[in-house]
Amino acid sequence: FYLFCKVPKSKSGSTDENEFCRQLEKYHILAVPGTGFGKKEWIRLAYCVSEKTIANSAEAFKAAVKTW
15 FYLFCKVPKS KSGSTDENEF CRQLEKYHIL AVPGTGFGKK EWIRLAYCVS
65 EKTIANSAEA FKAAVKTW
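Residue numbers for the sequence shown follow this note's numbering, so the first one is 15 and each next one is one higher.
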């Protein structure tokens, strides 16, 4: 399954999807920039894991956004 997410503005005002993907990597989340799918300022996530892993990843995603 895939999920597209709009890149939130960073504290500096950036919505660069490549930078945001690198930010997520720091939290062990792998995302693909949406530009490859015609969606600038979006990212694509795949989720084919357990519900527990999704829940843990959601917490990590929130932390990544908070420090973005």
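Note that CB positions come from ideal geometry on N, CA and C, so glycine has one too.
If you're wondering where the values come from, they're calculated on a predicted model, not measured in any experiment.
Spatial neighbours of K54 in its own chain (CB-CB distance under 8 Å, excluding positions within 5 residues in sequence) are listed in chain order as E31 and G48. For I57, the number of other beta carbons within 10 angstroms of its own is at least 16, and it is reported as buried.
Rounded to the nearest angstrom, the Cβ distance from A69 to I43 is 13 Å, too far for a contact under 8 Å.
With fewer than 16 other beta carbons inside 10 angstroms of its own, V63 counts as exposed. A check of alpha carbon separations from L38 across F15, L59 and K66 identifies L59 as the nearest.
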